[in-house]
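From first to last, the protein sequence lines stand for chains D and A.
So the first sequence is numbered by our numbering: it starts at 67 and just counts up by one.
So the second sequence is numbered by our numbering: it starts at 32 and just counts up by one.
Below is one structure; the comments refer to it alone.
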Amino acid sequence: DTGVSQDPRHKITKRGQNVTFRCDPISEHNRLYWYRQTLGQGPEFLTYFQNEAQLEKSRLLSDRFSAERPKGSFSTLEIQRTEQGDSAMYLCASSFALAGVETQYFGPGTRLLVL
Amino acid sequence: EDQVTQSPEALRLQEGESSSLNCSYTVSGLRGLFWYRQDPGKGPEFLFTLYSAGEEKEKERLKATLTKKESFLHITAPKPEDSATYLCAVQDLMNRDDKIIFGKGTRLHILP
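Printed below as a string of structure tokens:
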């Protein structure tokens with residue numbers, strides 16, 4: 067069990083550019099979540115996948131954001147035409163859900179700065 | 032709407048000075064309450080899951096308790112390495128998306 071990994075750890079971009087982040091979940095986990103966290107706040111839910119199906123998207127996820135999990139393993143989160151308000155830590159979490167409570171394990175995050 | 036409120040926002044303690052962090056929550060039905068530790072610039076690290084009122088869990092100097100409206104994270108004889116932000120989160124039985132709702136956290140600083 068190597069834990070959840072995210073790449074890159076840091077990204078600086080100019081306003082208007084596109085960025086893509088990758089998340090590799092714990093191997094046996096079937097659910098993968100994306101969260102966004104700004105300074106002094108707790109993580110906020112963006113979207114999640116069960117296997118390769120994207121099951122829910124938050125109202126926070128504008129049309130500029132898209133996420134994929136093509137083979138039910140790793141996931142990518144793309145932000146098009148970045149804005150300064152997109153600057154935040156983007157966190158990925160994974161869990162194994164059968165029934166009842168599931169525990170989500172987080173990766174180290176990708177810190178995005180939009181200039 | 033689900034809500035999680037943590038208090039205090041920040042807490043400074045001397046090494047060895049025990050204290051408690053509070054997490055008040057509002058959900059339609061509690062599926063689970065989670066405590067995480069987060070160090071600066073890192074992702075949250077899982078500590079505990081509590082399922083029902085009256086439940087308690089312990090890990091080293093930390094003990095988490097749960098009532099129907101709040102949870103406490105008790106820290107006994109803390110050390111400087113316990114300094115971190117502690118996040119509380121809940122999962123609502125009625126949410127079909129299974130997302131967890133986080134509080135803003137309590138920033139804990141233990142002085143040597």
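We put the beta carbon where it would ideally sit given N, CA and C, even for glycine.
Legend entry - Member of Thr79(D), Leu121(D), Gly175(D), Thr148(D) whose CA lies at the smallest distance from the CA of Arg127(A): When Thr79(D), Leu121(D), Gly175(D), Thr148(D) are compared, the shortest CA-CA separation from Arg127(A) is found for Leu121(D).
Legend entry - Neighbour flag for Ala119(D) against chain A, beta carbons, 9 Å: Interface residue (Cβ-Cβ distance to chain A less than 9 Å): Ala119(D) is not classified as such.
Inset, instruction - Spatial neighbours of Arg138(A) within its chain, please: CB distance less than 6 Å, with the 5 preceding and 5 following residues excluded, ordered by chain position. - result: Closer than 6 Å at Cβ, skipping near neighbours: Ala41, Thr116.
Inset, instruction - Could you tell me which chain A residues have their CB closer than 7 Å to the CB of Tyr156(D), listed as they occur along the chain? - result: Against chain A, the beta carbon of Tyr156(D) has no neighbour under 7 Å; the closest one sits roughly 10 Å away.
Inset, instruction - Kindly list, in the order they appear in chain A, the residues whose Cβ is closer than 8 Å to that of Phe111(D). - result: Neighbours of Phe111(D) on chain A, chain order: Asp128, Lys130, Ile131, Ile132.
Inset, instruction - Determine the burial state of Gly173(D): buried for a count of at least 16 other Cβ atoms within 10 Å of its Cβ, exposed for fewer. - result: Per the 10 Å Cβ criterion, buried.
Legend entry - Neighbour list for Pro74(D) in chain A, Cβ cutoff strictly below 9 Å: What Pro74(D) touches in chain A: nothing, since even the nearest Cβ is about 14 Å away.
Legend entry - Proximity of Asn96(D) and Gln116(D) at Cβ, strictly below 9 Å: Taking a C-beta distance under 9 Å as the contact criterion, Asn96(D) and Gln116(D) qualify as a contact pair.
Inset, instruction - Could you name the residues of the same chain whose beta carbon sits closer than 8 Å to that of Ala163(D), not counting the 5 residues immediately before and after it, in chain order? - result: Answer for Ala163(D): Asn96, Arg97, Gln116, listed in chain order.
Inset, instruction - With distances taken Cα to Cα, identify the nearest neighbour of Thr88(D) among Arg147(D), Glu134(D), Thr169(D), Asp152(D). - result: Checking the sequence, you will find Arg at residue 88(D) rather than Thr. Minimum Cα distance to Arg88(D) is reached at Glu134(D).
Legend entry - Glu110(D) in three-state terms, based on DSSP: If DSSP states are grouped into helix, strand and coil, Glu110(D) belongs with the strands.
Inset, instruction - With a 10 Å radius around its C-beta and 16 neighbouring C-beta atoms as the bar for buried, classify Arg43(A) as buried or exposed. - result: Result: exposed.
Legend entry - Which listed residue (Ser128(D), Asp90(D), Leu126(D)) has its alpha carbon closest to that of Ser160(D): Measuring from the Cα of Ser160(D), the nearest candidate turns out to be Asp90(D).
Legend entry - Closer than 9 Å to chain A by CB, Ser124(D): Yes, because at least one Cβ of chain A sits closer than 9 Å to the Cβ of Ser124(D).
Inset, instruction - Starting from the C-beta of Phe80(D), find all residues in its chain whose C-beta is less than 6 Å away, skip the five residues before and the five after it, and write them out in chain order. - result: Note that residue 80(D) is Lys in the sequence shown here, rather than Phe. Excluding positions up to five away in sequence, the list reads Leu181.
Legend entry - Distance CB(Ala95(A))-CB(Trp66(A)) smaller than 9 Å: Contact: yes.
Legend entry - Cβ of Arg135(D) within 9 Å of any chain A Cβ: With 9 Å as the cut-off, Arg135(D) does not count as an interface residue toward chain A.
Inset, instruction - Determine the chain A residues that contact Phe172(D) at a beta-carbon separation under 8 Å, and present them in chain order. - result: Per Cβ cutoff of 8 Å: Tyr67, Gly74, Pro75, Glu76, Phe77.
Inset, instruction - Could you work out which residues of chain A lie near Thr169(D), taking near to mean beta carbons separated by less than 9 Å? - result: When 9 Å is used as the limit between beta carbons, Thr169(D) is near these residues of chain A: Gly63, Phe65, Phe77, Thr80, in chain order.
Inset, instruction - Work out the CA separation of Glu89(A) and Thr107(A) for me, nearest whole Å. - result: CA-CA distance, Thr107(A) to Glu89(A), rounds to 11 Å.
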